[in-house]
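So the number in the working numbering is just where the residue sits in the sequence shown, counting from 1, plus 29.
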Amino acid sequence: MKRATALRKGISLIVTSLTTALPLTLGGCSVIGKASAPASITNAVNDNINVCELIDAKQLEELTSSQVVRYAYEHTPVPANQPTGEETIFPTLHCRIYFPDDTPFSKIEVHYIARTVEDFGEGMATVPFDRALLHEGVEEISSSNVEGQGFVYENNTSGPLLSWRYPDGHVLTMRVSYADNDKLHQSIQMLTSFFEITGNRIPHVAADEPELELTHYPDDPASVNNDE
30 MKRATALRKG
40 ISLIVTSLTT
50 ALPLTLGGCS
60 VIGKASAPAS
70 ITNAVNDNIN
80 VCELIDAKQL
90 EELTSSQVVR
100 YAYEHTPVPA
110 NQPTGEETIF
120 PTLHCRIYFP
130 DDTPFSKIEV
140 HYIARTVEDF
150 GEGMATVPFD
160 RALLHEGVEE
170 ISSSNVEGQG
180 FVYENNTSGP
190 LLSWRYPDGH
200 VLTMRVSYAD
210 NDKLHQSIQM
220 LTSFFEITGN
230 RIPHVAADEP
240 ELELTHYPDD
250 PASVNNDE
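Right, dumping it as structure tokens:
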């Protein structure tokens, strides 16, 4: 069953309603509303910090109803002198945002690369977008704000996933890690809202010069795990 029609209606309301609520209905089911994020435990990420250059920490915490503990990201623009006659090099962006372990999910991953979906299916494989779109359980989505086509996959083995293909061939993967099995649908709603807010911003950050090597915030090495 496709949910594109319902999502188009729900998605178009998400940005304008952010200051009062964050309603997003998937197929007429449950709705996420704005909630106060838990009080900061470490104050590691202040409200005004622009997480991965995509969204203010306060806005993200309202969206997820959880505290941002830390994040890490990197982006690579197209080389100034791209070799001719070779495969086109696309800008890329990778972002990982961490939350407390006692929340419905502990990490959001964002990967913006060329043509493939990341961490997809039972093998957590990198697969072409068109092939992933045909996988059993995938449901197509549409957006009135972001050009392209996309899908969500609630029962993805490595965590609920949203993927979007932009008109230039870039593919975005957003995935929730360590998700609570009882709240997978809620995680999909959250990812869809997050995408609607950041989807048009991501290509610009990826293409921004100069290249940004992997950067952690906060930058205390003791706060960074080896899973990045």
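Glycine included, C-beta positions come from ideal geometry on N, C-alpha and C.
Express the C-alpha separation of Ser171 and Ala33 in angstroms, rounding to a whole number. Here residue 33 refers to the residue found at position 4 of the sequence shown. Here residue 171 refers to the residue found at position 142 of the sequence shown. With a pLDDT of only 46 at Ala33, under 50, the local geometry of the prediction cannot be trusted, and the value read off the model is given with reservation. Distance between the alpha carbons of Ala33 and Ser171 is about 5 Å.
Do Phe119 and Ala143 have their CB atoms nearer than 8 Å? Along the sequence shown, one-based indexing puts residue 119 at 90. Along the sequence shown, one-based indexing puts residue 143 at 114. Contact: yes.
With DSSP collapsed to three states, give me the class of Thr202. As a working mapping, residue 202 is identified with position 173 in the sequence shown. Thr202 falls in the strand class under three-state DSSP.
Excluding the five sequence neighbours on either side, which residues of its own chain have a C-beta within less than 7 Å of the C-beta of Val167, listed in chain order? Within the sequence shown, residue 167 is the residue found at index 138, counting from 1. By the criterion of a C-beta distance shorter than 7 Å, Val167 is surrounded in its chain by Ala161, Phe180, Tyr182, once the five residues flanking it on both sides are discounted.
Examine the Cβ distances between the segment 220-233 and the segment 189-205 and report whether three or more of them are shorter than 8 Å. At 8 Å Cβ cutoff, the stretches touch.
Could you name each continuous beta strand (DSSP E) segment of 3 residues or more that falls completely within the segment 181-250, going from the start of the chain to the end? Given a length threshold of 3 residues, each whole run of the beta strand (DSSP E) inside the segment 181-250 is given here in chain order: 190-194, 199-206, 241-246.
Going along the chain, which residues of its own chain have a beta-carbon closer than 7 Å to the beta-carbon of Pro133, five neighbours each way excluded? Locating residue 133 in the sequence shown gives position 104, where the first residue counts as 1. So the list reads Ala208, Asp209, Lys212, Gln215, Ser216, once near-sequence residues are dropped.
Just the C-alpha distance for Leu122 and Thr145, rounded to the nearest angstrom, thanks. By one-based count along the sequence shown, residue 122 stands at place 93. By one-based count along the sequence shown, residue 145 stands at place 116. The alpha-carbon atoms of Leu122 and Thr145 are separated by roughly 13 Å.
With Asp159 as the anchor, note down where its alpha helix (DSSP H) starts and where it stops. Mapped onto the sequence shown, residue 159 falls at position 130. Per DSSP, the unbroken alpha helix (DSSP H) holding Asp159 starts and ends at 158-162.
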